[in-house]
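> Dropping a structure here in structure tokens format, bear with me for questions.
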Amino acid sequence: MADNKHDVAKLLDEIGVLLELKGENAFKIRAYHNAARALENLEEDIDIVIKEERLKEVPGIGDSIAEKITILISTGHLPYYEELKHSMPEGLFELLKIPGLGGKKIKALYEELGIKSVDDLFNACRKGEIEKLPHFGKKTQDNILNSLKRYQDSGRRLLWWEASRIAHEILQELVQLKEVIHAEIAGSLRRKLETIGDLDFLVASSKPDLVMEWFTKQPWVEKVLAHGKTKSSVRLKQGIQADLRVVSSKQYGFALVYFTGSKEHNIQLRHRANERGFSLSEYDLEAIDPTQSALFSKSSKSQINEENLYNALGLSYIPPELREGMGEIEAAEKGKLPHLVEEKDIRGVFHCHSTDSDGHNTLEEMVAAAQGWGWEYIGIADHSKSSYQANGMQENRLLEQIERIHKINRSGKYQIHVFAGLECDILTNGELDFSNDVLKELDYVVVSVHRAFKQDEQTMTARIIKAIENPYTTIVGHLTGRLLLRREPYALNLPKVIDACIANHKLMELNAQPLRLDMDWRYWHKAIDKGLMCCINPDAHSINDLQYVRAGINVARKGWLAKENIFNTLPLKKVQAYLLS
DNA sequence: GCCGTTTTCGGCCCGACTGTTTTCAGTCG
Numbered sequence: 027m028a029d030n031k032h033d034v035a036k037l038l039d040e041i042g043v044l045l046e047l048k049g050e051n052a053f054k055i056r057a058y059h060n061a062a063r064a065l066e067n068l069e070e071d072i073d074i075v076i077k078e079e080r081l082k083e084v085p086g087i088g089d090s091i092a093e094k095i096t097i098l099i100s101t102g103h104l105p106y107y108e109e110l111k112h113s114m115p116e117g118l119f120e121l122l123k124i125p126g127l128g129g130k131k132i133k134a135l136y137e138e139l140g141i142k143s144v145d146d147l148f149n150a151c152r153k154g155e156i157e158k159l160p161h162f163g164k165k166t167q168d169n170i171l172n173s174l175k176r177y178q179d180s181g182r183r184l185l186w187w188e189a190s191r192i193a194h195e196i197l198q199e200l201v202q203l204k205e206v207i208h209a210e211i212a213g214s215l216r217r218k219l220e221t222i223g224d225l226d227f228l229v230a231s232s233k234p235d236l237v238m239e240w241f242t243k244q245p246w247v248e249k250v251l252a253h254g255k256t257k258s259s260v261r262l263k264q265g266i267q268a269d270l271r272v273v274s275s276k277q278y279g280f281a282l283v284y285f286t287g288s289k290e291h292n293i294q295l296r297h298r299a300n301e302r303g304f305s306l307s308e309y310d311l312e313a314i315d316p317t318q319s320a321l322f323s324k325s326s327k328s329q330i331n332e333e334n335l336y337n338a339l340g341l342s343y344i345p346p347e348l349r350e351g352m353g354e355i356e357a358a359e360k361g362k363l364p365h366l367v368e369e370k371d372i373r374g375v376f377h378c379h380s381t382d383s384d385g386h387n388t389l390e391e392m393v394a395a396a397q398g399w400g401w402e403y404i405g406i407a408d409h410s411k412s413s414y415q416a417n418g419m420q421e422n423r424l425l426e427q428i429e430r431i432h433k434i435n436r437s438g439k440y441q442i443h444v445f446a447g448l449e450c451d452i453l454t455n456g457e458l459d460f461s462n463d464v465l466k467e468l469d470y471v472v473v474s475v476h477r478a479f480k481q482d483e484q485t486m487t488a489r490i491i492k493a494i495e496n497p498y499t500t501i502v503g504h505l506t507g508r509l510l511l512r513r514e515p516y517a518l519n520l521p522k523v524i525d526a527c528i529a530n531h532k533l534m535e536l537n538a539q540p541l542r543l544d545m546d547w548r549y550w551h552k553a554i555d556k557g558l559m560c561c562i563n564p565d566a567h568s569i570n571d572l573q574y575v576r577a578g579i580n581v582a583r584k585g586w587l588a589k590e591n592i593f594n595t596l597p598l599k600k601v602q603a604y605l606l607s
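Residue numbering for the first sequence follows my numbering, beginning at 27 and increasing consecutively.
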């Protein structure tokens with residue numbers, strides 16, 4: 027049932043949710059979620075930790091949870107969990123996803139009206155049964171009904187790329203208001219998370235009511251969800267929620283940290299403040315003991331920015347992308363945060379398509395556009411013959427394309443160097459789509475899976491590792507095949523594939539297509555520590571798509587990547603030397 | 001359920017908004 031720490035963590039999280047539905051103590055619920063996070067961040071092999079009876083030494087895991095984990099791992103079952111799960115209907119889980127419903131209300135609905143699914147809830151709303159319950163009312167019933175309709179329409183999240191475009195349009199208007207002193211995008215959008223559930227804005231102003239008034243009355247607002255003195259929420263016509271908070275100038279630096287999050291990061295920051303005798307809120311950092319001296323003088327508070335707030339807590343500045351509660355605070359304390367890669371560090375890209383397969387621009391148009399970006403090199407990697415859906419090239423067309431690329435380089439028409447590459451299909455048995463006799467004519471080869479996504483984990487892992495072991499393979503393309511919000515990644519043992527890449531000196535692509543962003547940022551930090559080298563590629567199918575490199579940089583930064591970890595920050599001469607070796 | 005150099009009980013990050021009730025609980029971020 028559970029054979030690794032991620033499975034165990036998932037189960038602990040599930041226990042937390044079940045306890046929430048039981049109406050349990052909120053701190054007990056949090057203890058299970060905390061323990062799940064502690065396990066996920068555990069560096070060691072869980073089996074060894076259990077064997078050496080060191081589970082309780084992990085912060086966040088105490089007697090009770092340690093015992094449960096041990097039972098689970100040794101027997102494969104956890105009776106406590108199974109009894110809990112069977113004691114309540116499956117459908118209650120889903121009700122937690124309805125905005126406005128938490129554990130307490132769901133419990134009341136279940137116990138008073140026997141509601142155990144979204145459908146039951148719908149019917150009860152329509153019959154007007156909800157409003158008759160104690161502590162519920164007409165408005166609550168209407169809100170639940172609206173949330174339900176909304177929920178059934180869509181589980182609306184947007185890609186970061188799309189959300190960012192919408193948010194910047196709103197920000198542009200916000201900063202132009204004369205009442206607005208500062209305005210910024212906050213939340214997961216500022217942290218550059220790959221998908222976004224809502225847009226967060228933070229404003230400094232001495233006239234919050236006017237800003238709120240403006241925000242809730244804009245033409246792009248479909249519905250006002252909340253309208254207070256300092257906080258409002260609206261649903262945009264694009265279907266996504268946008269929240270605005272207004273604070274004073276003096277509070278702005280504190281509020282920006284708070285509203286950028288993540289929740290985990292904030293909790294850790296507040297704990298840290300408490301340990302030092304201070305209380306951190308979205309408005310201030312105050313001494314808990316009034317006789318203790320403050321970290322900031324009253325007069326200096328209007329100059330508080332994120333950097334000096336982190337410094338006051340004994341930390342170096344933590345860029346928003348890293349604020350995920352995944353070790354960044356410990357690293358900032360020791361001054362060991364990486365110097366994150368920046369857009370200007372990129373000197374070229376390797377995964378670009380042309381009209382020779384399924385691209386929209388010709389090879390020469392792609393080359394000219396890449397030169398316009400100021401890069402030193404571009405690699406063309408069109409599809410191989412098995413990707414017939416993508417107009418994959420037969421051997422003769424590939425050889426002809428290679429010849430054309432050589433000619434472009436010899437002509438001196440462009441300052442940028444062009445590498446002759448290929449996005450070569452990994453066939454279902456792990457062999458590549460062309461023989462090594464053909465592949466040896468290329469400067470580099472990106473290998474990717476484009477079909478037979480349903481293979482089991484073992485087969486898929488062996489398939490990709492076999493491709494990695496081919497001597498002509500250079501880069502592993504879009505590792506998991508996921509399409510964000512559309513298609514799950516295929517089953518794959520990621521650590522094994524990462525290890526194979528390192529052992530065979532192959533590059534791992536960070537596919538910067540906003541829909542892919544694959545390999546996921548959560549895996550990069552550990553992988554580069556083990557020695558994996560990254561290549562950020564736009565997977566461009568047109569000259570416009572070259573800008574996707576920016577989405578790739580976001581994700582690289584979230585994955586703690588510095589310039590040194592990224593192959594395509596190298597100058598042309600070094601790249602050529604590597605590809606020849 | 002976890003934690004602890006104010007340690008085995010009594011805290012646990014903290015504040016805004018909504019709705020129901022009339023002083024506060026639930027939800028959210």
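Virtual Cβ for every residue (Gly too), placed ideally from N, Cα, C.
CA-CA distance, I141 and K249?
Along the first sequence, one-based indexing puts residue 141 at 115. Along the first sequence, one-based indexing puts residue 249 at 223. Taking the straight line joining both Cα atoms gives about 28 Å.
> Are the region 534 to 541 and the region 556 to 563 touching, with three or more C-beta to C-beta distances below 8 Å?
The region 534 to 541, when compared against the region 556 to 563, does touch it at the 8 Å Cβ threshold.
> Less than 9 Å between the C-beta atoms of A538 and M545, yes or no?
Walking along the first sequence from the start, residue 538 turns up at place 512. Walking along the first sequence from the start, residue 545 turns up at place 519. Not closer than 9 Å, so no.
> Name the one or two DSSP bridge partners that T221 has.
By one-based count along the first sequence, residue 221 stands at place 195. In DSSP, T221 forms a bridge with L185.
> Select from W240, N67, W186, H567 the residue whose C-alpha is nearest the C-alpha of N30.
Taking the first residue of the first sequence as 1, we reach residue 30 at position 4. The option with the nearest alpha carbon to N30 is N67.
> Tell me which residues share the same chain as G456 and place their Cβ nearer than 8 Å to its Cβ, disregarding the 5 neighbours each side in the sequence.
As a first step, residue 456 must be located in the first sequence, where it is residue number 430. The residues are A488, R489, I490, I491, K492, A493.
> Which residues share a DSSP beta bridge with L518?
Residue 518 sits at position 492 when you count from the first residue of the first sequence. Beta-bridge pairing links L518 to no other residue.
> Compare the beta carbon distance of A416 and T454 with 9 Å and say whether it is the shorter of the two.
Within the first sequence, residue 416 is the residue found at index 390, counting from 1. Within the first sequence, residue 454 is the residue found at index 428, counting from 1. Going by C-beta atoms, A416 is not nearer than 9 Å to T454.
> Which runs of the alpha helix (DSSP H) fall wholly inside the region 49 to 98 and span at least 4 residues, in chain order?
For the region 49 to 98, whole alpha helix (DSSP H) runs of length 4 or above, ordered along the chain, are 52 to 66, 72 to 77.
> Any chance you could list the alpha helix (DSSP H) runs of at least 4 consecutive residues sitting entirely within the region 202 to 249, in chain order?
Complete alpha helix (DSSP H) runs here, min 4: 213 to 216, 234 to 242.
> Tell me which residue opens and which closes the beta strand (DSSP E) that Y403 is part of.
Numbered from 1 along the first sequence, position 377 holds the residue referred to as residue 403. Its beta strand (DSSP E) spans residues 403 to 409.
> Just curious, the alpha helix (DSSP H) that F280 is in, first and last residue?
One-based indexing of the first sequence puts residue 280 at position 254. Here the alpha helix (DSSP H) through F280 covers 278 to 286.
> To which residues of the same chain is R430 closer than 7 Å at the C-beta, ignoring the five residues directly before and after it?
Residue 430 sits at position 404 when you count from the first residue of the first sequence. Cβ neighbours of R430 beyond the five flanking positions: L389.
> Tell me the DSSP bridge mates of S258?
Locating residue 258 in the first sequence gives position 232, counting from the first residue. Note: S258 sits in a beta bridge opposite H253, L270.
> Counting only runs that start and end within the region 111 to 193, where is the alpha helix (DSSP H) found for 4 or more residues in a row?
Entirely contained in the region 111 to 193, the alpha helix (DSSP H) runs reaching 4 residues are, in chain order, 117 to 121, 129 to 139, 144 to 152, 164 to 179.
> Is DSSP giving G418 helix, strand or coil here?
Position 392 of the first sequence, counted from the first residue, corresponds to residue 418. Reduced to three states, the DSSP call for G418 is coil.
> Report the option in L121, L45, E50, I87 whose CA atom is closest to the CA atom of A62.
For the purposes of this step, residue 62 is taken as the residue at position 36 of the first sequence. Closest by alpha carbon: I87.
> According to the neighbour-count rule (16 or more other Cβ atoms, all chains shown, within 10 Å of its Cβ), is E449 buried or exposed?
Indexing the first sequence from 1 puts residue 449 at position 423. By the neighbour-count rule (16 or more Cβ atoms within 10 Å), E449 is buried.
> Can you grab the Cα-Cα spacing for the pair E40 / P85, in whole Å?
For the purposes of this step, residue 40 is taken as the residue at position 14 of the first sequence. For the purposes of this step, residue 85 is taken as the residue at position 59 of the first sequence. So the two alpha carbons sit approximately 20 Å from each other.
> Using only alpha-carbon positions, find the residue among T256, L104, L118, S288 that is nearest to R349.
Counting from 1 along the first sequence, the entry for residue 349 is found at position 323. When each option's Cα is compared against that of R349, the closest is S288.
> Starting from H443, follow the alpha helix (DSSP H) in both directions and report where the run begins and ends.
Against the first sequence, residue 443 aligns to sequence position 417. Per DSSP, H443 belongs to no alpha helix (DSSP H); it is in the beta strand (DSSP E), 443 to 451.
> Identify, in the order they occur along the chain, each residue of the same chain with its Cβ nearer than 6 Å to the Cβ of V475, setting aside the five sequence neighbours on each side.
In the first sequence, the residue the question calls residue 475 occupies position 449. Cβ neighbours of V475 beyond the five flanking positions: I452, G507.
> Among V601, L184, E483, whose alpha-carbon lies nearest the alpha-carbon of E402?
As a working note, residue 402 is residue 376 in the first sequence. Ranking the options by Cα distance to E402, first place goes to V601.
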